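*Asks:* Here you go, one structure.
2 protein chains.
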Amino acid sequence: MSHDRLECAAQIRERGFRVTPQRMLILDAICEGKEHTTFDEIYDRVQAKAPGINQATLYRTLDFLCELHLVVSAEIDGRAVYEIAGETPHHHLVCHACGAIQELPDFHFHELRSHLLREHGFKADISHLALTGLCPQCAESER
Amino acid sequence: MSHDRLECAAQIRERGFRVTPQRMLILDAICEGKEHTTFDEIYDRVQAKAPGINQATLYRTLDFLCELHLVVSAEIDGRAVYEIAGETPHHHLVCHACGAIQELPDFHFHELRSHLLREHGFKADISHLALTGLCPQCAESER
DNA sequence: TCCGTTTCTGCAAATTTTTGCAACAGCTAG
DNA sequence: CTAGCTGTTGCAAAAATTTGCAGAAACGGA
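So the sequence lines, in the order shown, correspond to chains B and L. So the first sequence is numbered by this note's numbering: it starts at 28 and just counts up by one. So the second sequence is numbered by this note's numbering: it starts at 28 and just counts up by one.
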């Protein structure tokens, strides 16, 4: 999940937006953890390095980075989590009962994606889905 | 998308919760519109009939009804929308550019669902997905 | 029908998220 | 290197959402 600061900066600039220290710090903070990172975690990490950064800025920047697809987010357990966008998308299975999270490779969605494009002309952006349900253990104990 | 008040009430009671006028009114309000309904719309409809009902109650009740799968919700365009849960699930394609919404029948997910169950033992609850992307028109003008 | 238990609701306060605006600061052209 | 244009940020206020708690009310059993 390596993120190339230069690459991100180029992407931002290329689309007519500006590369600011805040944005770079926030990108770094998201990458510090290997996995899903919550708003608060990102905020704390950023604060540690640059105490001046405002929460409103973080909210806006996260939206911005998602918009540009440099970062992906998903709602897990009612709270948004963020992750740097890798080369290949991946998804998650989230157990509604115990909260366990399992990774789900993207190939499961290849067919759906191309079907939607072929049949509906719809260019679906399925970059980071969180599907909820019951993990094997919880499904067992449920009945 | 007919909802049977008796059926809903039975479901609620059956699981050990209580059938209250507030809950029934809120269910009715969700059903009034045929399509996706926002929090504010529901709130207004409920207010029209029973001005006393509190916003906090609405927030809690919507969560509650989703929990019981009597209502499904999805995040569209950054805001939550609610719909009464029908017999067969359905999903939506939401254009990120123009906001157009297209319905997507559930059969597209049959295979995924059974695959997850077979291979991962995961009982996925895919009851109302909103996939974002670009509709044919916007995909065209994008390039 | 009435009672006891436990869930729900309304209210107010706390918390989280969004927004408007003036000052600041990237970036491009000269 | 500088100036100017326009996107960004910080701040404070507004709006949206969640939470704790005491009183109200559903529901099962007597």
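Cβ coordinates follow ideal geometry from the N, Cα and C atoms, glycine included. Keep in mind it's a predicted model, so treat the numbers as computed, not measured.
Could you compute how far the alpha carbon of Ser168(L) sits from the alpha carbon of Leu156(B)?
*Replies:* Working through the second sequence from its first residue, we reach residue 168(L) at position 141. Working through the first sequence from its first residue, we reach residue 156(B) at position 129. Taking the straight line from one Cα to the other gives about 26 Å.
*Asks:* Would you verify that the beta carbon of Ala56(B) is, or is not, closer than 8 Å to some beta carbon of chain L?
*Replies:* Position 29 of the first sequence, counting from 1, holds the residue named residue 56(B). Closer than 8 Å: no.
*Asks:* So if DSSP puts Arg106(B) in a beta bridge, which residue, or which two residues, is it bridged to?
*Replies:* Position 79 of the first sequence holds residue 106(B). In DSSP, Arg106(B) forms a bridge with Ile103(B).
*Asks:* Using 8 Å as the limit for Cβ to Cβ distance, is Ile153(B) near chain L?
*Replies:* If you number the first sequence from 1, residue 153(B) lands on position 126. By this cut-off, Ile153(B) is an interface position.
*Asks:* Expressed to the nearest angstrom, what Euclidean distance is found between the alpha-carbon atoms of Cys35(B) and Leu95(L)?
*Replies:* Within the first sequence, residue 35(B) is the residue found at index 8, counting from 1. Within the second sequence, residue 95(L) is the residue found at index 68, counting from 1. Distance between the alpha carbons of Cys35(B) and Leu95(L) is about 43 Å.
*Asks:* Quickly, what does DSSP pair His142(L) with across the bridge? List them, please.
*Replies:* Translated into positions along the second sequence, residue 142(L) becomes position 115. Answer by DSSP bridge pairing: none, since His142(L) is not bridged.
*Asks:* Determine the burial state of Arg42(B): buried for a count of at least 16 other Cβ atoms within 10 Å of its Cβ, exposed for fewer.
*Replies:* Here residue 42(B) corresponds to residue number 15 of the first sequence, with the count starting at 1. Exposed, since its Cβ has fewer than 16 Cβ neighbours within 10 Å.
*Asks:* At the 8 Å Cβ level, is Leu158(B) part of the contact set with chain L, yes or no?
*Replies:* One-based indexing of the first sequence puts residue 158(B) at position 131. Yes - at least one Cβ of chain L is within 8 Å of the one on Leu158(B).
*Asks:* For chain L, find out if any of its Cβ atoms is closer than 8 Å to the Cβ of Gly43(B); answer yes or no.
*Replies:* If you number the first sequence from 1, residue 43(B) lands on position 16. For Gly43(B), the answer is no, since every Cβ of chain L falls outside 8 Å of its Cβ.
*Asks:* Pick out whichever of Ala166(L), Leu158(L), Phe44(L) has its Cα sitting closest to the Cα of Leu92(L).
*Replies:* Here residue 92(L) is taken as the residue at index 65 of the second sequence, counted from 1. That would be Phe44(L), whose Cα lies nearest to the Cα of Leu92(L).
*Asks:* Can you tell me whether His142(L) is buried or exposed? The criterion is at least 16 other CB atoms within 10 Å of its CB, across all chains shown.
*Replies:* Taking the first residue of the second sequence as position 1, residue 142(L) is located at position 115. Answer is exposed; the Cβ neighbour count stays below 16.
*Asks:* Below 8 Å, can you find three or more Cβ-Cβ pairs linking the segment 62–73 of chain B to the segment 106–121 of chain B?
*Replies:* Touching, yes.
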